[in-house]
Every structure is written in C-alpha cells, then in structure tokens.
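Student: In the numbering used here, the protein residues as written are 911 to 1054.
Every residue gets a Cβ at the ideal spot worked out from N, C-alpha and C, and that includes glycine.
Since the model is a prediction, treat every value here as computed from it, not as a measurement.
(1) Taking only the alpha-carbon atoms, compute the straight-line gap between residue 974 and residue 1014 and give it to the nearest angstrom.
(2) Check each candidate in 1018, 967, 1039, 929 and name the one with the smallest Cα separation from residue 951.
(3) Identify the continuous alpha helix (DSSP H) that holds residue 899 and give its terminal residues.
(4) What do you reckon, are the CB atoms on residue 918 and residue 960 nearer than 8 Å?
(5) How close, in whole Å, do the beta carbons of residue 955 and residue 972 come, if the pair is a contact with beta carbons under 8 Å?
(6) If you count every other CB in all the chains shown that lies within 10 Å of the CB of residue 966, and 16 or more means buried, which is it?
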C-alpha cells in the first residue's frame, strides 16, 4: 500500500523504468508488438493506481490527524488527475473521489464552525478580562 508521496514517486520511477525496458526489449526484437502494447497498458494502469492510492492514503492520513482541508485538497488532486486521464472506464473511481471530496468538504466546514465557536468564546473571555483590567486602571487613576 502506498502511504506517502516519496513512496509513490519511487514506485512511479520503477514503473517508468519497466516501461522503458519493455520498449527497449521490443526494439531489440525480444518481444513482439502485441506483447509490448499489452505490458504498456498494464504499466500505465499501475501508474494510475499508484497515484490514486497515494492521494487516498494522504487524504485518509489527513482526516485521522484532524486536517480535513488537507484531505479535501488530496481528493481534489485525485479528481483532477482522473479528469486529465479522460478514461470512461474510470468514471466509477471519479464518482467515488467526488463523493469523498464532498465528505471532506463537509468535515472542513464543521471544523471551521467548531473553531469559530471556540475562538468566539475565547475572544469573549479575553474581552471580559481586558474590560476588568481597564476598569481597575480607571479606578486607580481617579481614586488618587
């Protein structure tokens, strides 16, 4: 399972090297054109799967860390990647990532609302302390 961008990059490099070897084997006459095309398709499918696994793992990790905005960004990257592929066979995966994106967006909105409520209580308490402090200063100035 792909768990980081570094690992995904490493896998992508290995798959690209494999694709180059397949092309070179075809040029050298070791494999025929049909075999080269078959294995090229398999390598491309694995490249797509690796990228999508990376986006999903990073999003899942962000959600576990309480960072729904980062998860939303990863799902946006996955959606953009799938749309760039423009492959009708991946329509189901695209729909799945759009659904996950919507969930992450809802989680981000909930987190923002929760932090806004916390910071408003904090701000109100801070203002009350400052008002008490100001009242004390005024009283000290006018009492002399």
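Tutor: A quick look at the data gives this:
(1) Between the C-alpha atoms of residue 974 and residue 1014 there is a straight-line separation of about 12 Å.
(2) Considering only alpha carbons, the answer is 929.
(3) Since the first and last residues shown for the chain are 911 and 1054, residue 899 lies out of range.
(4) Closer than 8 Å, so yes.
(5) Approximately 26 Å separates the beta-carbon atoms of residue 955 and residue 972; this is outside 8 Å, ruling out the contact.
(6) Residue environment for residue 966: buried (at least 16 other C-beta atoms within 10 angstroms of its C-beta).
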